[in-house]
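Written out below as structure tokens is the structure these notes cover.
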Amino acid sequence: MAYDAPSTGLPDPMVLTNLTTDFANYIAGVNLASSATFSVAASAYFVPVRLTQTRTYTKAWWLNGATAAGNVDVGIYTRVGTTLTRVVASTAEAQGTVSTMQVAAAFASTTLTPGLYYLAISCTLNTATFWQTGGGSAPSLRAQGVFQTATASPLPTTATAAICTATRIPVFGFSESAAV
Amino acid sequence: MTYTAGVQDGSNANALTSFFSTGPLLRALGNNASPASTAWPANNDAYAVPFRLSVPVAFVGCFFMAGTTPGTTNYDLGIYRDDFTLVTSLGATAAVSTTGAVLPVGGGTFATSVTLGRGRYFMAMSSAATTLTAAAIAPTNQVLRAVGMFKMATAHPLPSTFVPASMGTTTFMPLMGLTTTANAVL
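Line order of the protein sequences matches chains A and B.
Using the numbering used here, read the first sequence as starting at -13 and increasing by one per residue.
Using the numbering used here, read the second sequence as starting at 208 and increasing by one per residue.
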């Protein structure tokens, strides 16, 4: 007979971001988010989050910076070893209005069971700017469990996790609520 | 045999505020500004700020911090579940026009204290008019949407169901809070 342990700690937020509590606490102690260019064109970045309960996400979004360029998509992956497998992703679309939250035009409502997932974002151009964390160094992001993959825009079905060399990650996420 | 669960990460404060519940994320998202007196954005608008509890907490009341000219218009404060149904609210309450006051004076008391279990909730506030000023922050780049804040038009006094709308371009988070003990010195 299976035993489902009760959830403890804080419940998952309704609007899920790549800035989890630990991540946000860490980042808040380092630098504030601001507009910055995407680190490497066509790369994808994967940020770990752990869900404690079954959740259904209906919207995907990201925060644009002060200038817009390129195509963006965001998604959610699972990981076994160094292989990241896509669960869902938006359809790559052009960056729109600057300095705003851009909600993906196409995203399939997706239910995730409790566990570890990786929130992913890719962009075709490194001239695109996003509202990004002020992480400060690649080692600090590696320590937070962030991976990257080259030549991964749009987000692929599977990807091989590589060491993160970026110093900042765009702020993006997913919402259970249709309004965000 | 009695089993008593250990406390996970509860706050030792007797007040849970909108800034506390969103603080680390808000700061990471770029907001490190102090609150400033700000006019209520629109007549009868309500604003909901998310908070999460890891353990059950009993709340007895609520408050907000007034701006420089709160006036005497009516406002309301309350709590919603994550399905946006109302747990409890003060009901329409007239402001007292004292600069920088905590209102209701001494903290408002719910008709009955409410115990919220581990879960996700929203603290919400509405105002009948834009003449009300509140201590508030105004983060840039629409980060309040990323924090999980919502608004609702025509929502004063606070309705039994909060219909969440996007914050859109609205940059306004009032300093409001819930109290776990009656506190006349607020």
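Just so you know, even glycine gets a beta-carbon here, dropped at the ideal spot from N, CA and C.
Practice item. Using only alpha-carbon positions, find the residue among Thr115(A), Arg128(A), Val132(A) that is nearest to Tyr103(A). Key: Within the first sequence, residue 103(A) is the residue found at index 117, counting from 1. Taking the Cα of Tyr103(A) as reference, the smallest distance to any Cα among Thr115(A), Arg128(A), Val132(A) is reached at Val132(A).
* Quick one: which unbroken beta strand (DSSP E) runs of 3-plus residues sit fully inside the stretch 85 to 144 of chain A? Chain order, please. => As far as the stretch 85 to 144 of chain A is concerned, its whole beta strand (DSSP E) runs of at least 3 residues are 87 to 89, 96 to 98, 101 to 109, 115 to 118, 133 to 135.
- request: Would you list the one or two residues that DSSP bridges to Ser20(A)?
  value: Locating residue 20(A) in the first sequence gives position 34, where the first residue counts as 1. In the DSSP output, where bridge partners are listed per residue, Ser20(A) has Gln118(A).
Can you list the residues of chain B that Val58(A) reaches, using a CB-CB cut of under 7 Å? Numbered from its first residue, the first sequence carries residue 58(A) at position 72. Within chain B, no residue has its CB atom less than 7 Å from the CB of Val58(A), the nearest being about 15 Å off.
Counting Cβ pairs closer than 8 Å, one from the stretch 372 to 384 of chain B and one from the stretch 222 to 229 of chain B, do we hit at least three? Per the Cβ contact rule, the stretch 372 to 384 of chain B is in contact with the stretch 222 to 229 of chain B (3 or more Cβ pairs under 8 Å).
If I follow the unbroken alpha helix (DSSP H) through Pro257(B), where does it start and stop? In the second sequence, residue 257(B) corresponds to position 50, counting from 1. No alpha helix (DSSP H) contains Pro257(B), which is instead part of the beta strand (DSSP E) from 253 to 260.
Notebook entry, point to check: Nearest CA to the CA of Phe258(B): which residue from Phe357(B), Ile344(B), Thr275(B), Thr378(B)?
Noted result: Locating residue 258(B) in the second sequence gives position 51, counting from the first residue. It is Phe357(B) whose Cα lies nearest to the Cα of Phe258(B).
Check each candidate in Ser108(A), Asn112(A), Phe116(A), Ile155(A) and name the one with the smallest Cα separation from Ala138(A). Your numbering for residue 138(A) matches position 152 in the first sequence. Across the set Ser108(A), Asn112(A), Phe116(A), Ile155(A), the C-alpha of Ser108(A) shows the shortest separation from the C-alpha of Ala138(A).
Query raised in the report: When DSSP labels each residue in this structure, what does Gly67(A) get in the three-state scheme?
Result: As a working mapping, residue 67(A) is identified with position 81 in the first sequence. Under the three-state reduction of DSSP output, Gly67(A) falls in the coil class, being neither helix nor strand.
Next item on the list: Report yes if the CB atom of Phe160(A) is closer than 8 Å to the CB atom of Ala46(A), and no otherwise.
Entry: What you label residue 160(A) is simply residue 174 of the first sequence in a count that begins at 1. What you label residue 46(A) is simply residue 60 of the first sequence in a count that begins at 1. Yes.
For Gly247(B), which option in Thr276(B), Ala341(B), Ala331(B), Gly355(B) has the closest C-alpha, if you only look at C-alpha atoms? Position 40 of the second sequence holds residue 247(B). As written in the sequence, residue 247(B) is Trp, which differs from the Gly given in the question. Ranked by how close their Cα comes to the Cα of Trp247(B), the residues Thr276(B), Ala341(B), Ala331(B), Gly355(B) have Ala341(B) in first place.
Please report the straight-line C-alpha distance between Ala165(A) and Ser334(B), rounded to a whole angstrom.
Your numbering for residue 165(A) matches position 179 in the first sequence. Your numbering for residue 334(B) matches position 127 in the second sequence. In a straight line, the C-alpha of Ala165(A) is about 22 Å away from that of Ser334(B).
Roughly how many angstroms lie between the CA atoms of Asp216(B) and Gly56(A), to the nearest whole one? As a working note, residue 216(B) is residue 9 in the second sequence. As a working note, residue 56(A) is residue 70 in the first sequence. Here the model assigns Asp216(B) a pLDDT of 45, short of 50, so the residue's position is not dependable, and the following value carries that caveat. C-alpha separation (whole angstroms): 42 Å.
Discussion item. To be precise: take each residue of the stretch 70 to 98 of chain A, compare its Cβ to all Cβ atoms of chain B, and keep it if any distance is under 7 Å. Which residues remain?
Written reply: Listed in sequence order: Ser85, Thr86, Met87.
Go ahead and pull the three-state DSSP assignment for Ser228(B). As a first step, residue 228(B) is located in the second sequence; it is residue number 21 there, counting from the start. Looking at Ser228(B) - three-state DSSP - the assignment turns out to be helix.
Can you confirm whether Leu(-4)(A), when its beta carbon is compared against all beta carbons of chain B, has any partner nearer than 8 Å? Counting from 1 along the first sequence, the entry for residue -4(A) is found at position 10. Taking Cβ atoms only, chain B reaches closer than 8 Å to Leu(-4)(A), which makes this a yes.
| message | Given a cut-off of 8 Å on the beta-carbon distance, is the pair Ser261(B) and Gly(-5)(A) in contact? | response | Reading the second sequence from its first residue, position 54 is the one you call residue 261(B). Reading the first sequence from its first residue, position 9 is the one you call residue -5(A). Taking 8 Å as the Cβ cut-off, Ser261(B) and Gly(-5)(A) qualify as a contacting pair.
Check: For Val1(A), which residues in chain B fall below 8 Å Cβ to Cβ?
Finding: In the first sequence, residue 1(A) corresponds to position 15, counting from 1. Ordered by position in chain B, the residues that pass the 8 Å Cβ test against Val1(A) are Pro257, Arg352, Ala353, Val354, Gly355.
ask   = Under the rule that 16 or more other beta-carbon atoms within 10 Å means buried, what is Ser123(A), buried or exposed?
value = Walking along the first sequence from the start, residue 123(A) turns up at place 137. Counting Cβ neighbours within 10 Å, Ser123(A) comes out exposed, since fewer than 16 surround it.
Where Ala371(B) meets chain A, residues with beta-carbon distance less than 8 Å
Numbered from 1 along the second sequence, position 164 holds the residue referred to as residue 371(B). For clarity, residue 371(B) is Pro in the given sequence; the question names Ala instead. Ordered by position in chain A, the residues that pass the 8 Å Cβ test against Pro371(B) are Ser163, Ala165.
### Beta-carbon proximity check, Ala240(B) vs Val1(A), cutoff 8 Å
Looking up residue 240(B) in the second sequence gives position 33. Looking up residue 1(A) in the first sequence gives position 15. For Ala240(B) and Val1(A), no; Cβs fall outside 8 Å.
Using a beta-carbon distance below 8 Å, is Arg288(B) in contact with chain A?
Locating residue 288(B) in the second sequence gives position 81, where the first residue counts as 1. Closer than 8 Å: no.
* To do: Report the residues of the stretch 237 to 268 of chain B with a CB closer than 7 Å to any CB of chain A, ordered along the chain.
  => Those residues of the stretch 237 to 268 of chain B that come within reach of chain A (Cβ to Cβ, closer than 7 Å) are Gly237, Asn239, Pro257, Arg259, Ser261.
Excluding the five sequence neighbours on either side, which residues of its own chain have a C-beta within less than 6 Å of the C-beta of Ala265(B), listed in chain order?
For the purposes of this step, residue 265(B) is identified with residue 58 of the second sequence, where counting begins at 1. Within its own chain, the residues whose Cβ lies closer than 6 Å to the Cβ of Ala265(B), once the five positions on either side in sequence are excluded, are Ser320, Thr322, listed in chain order.
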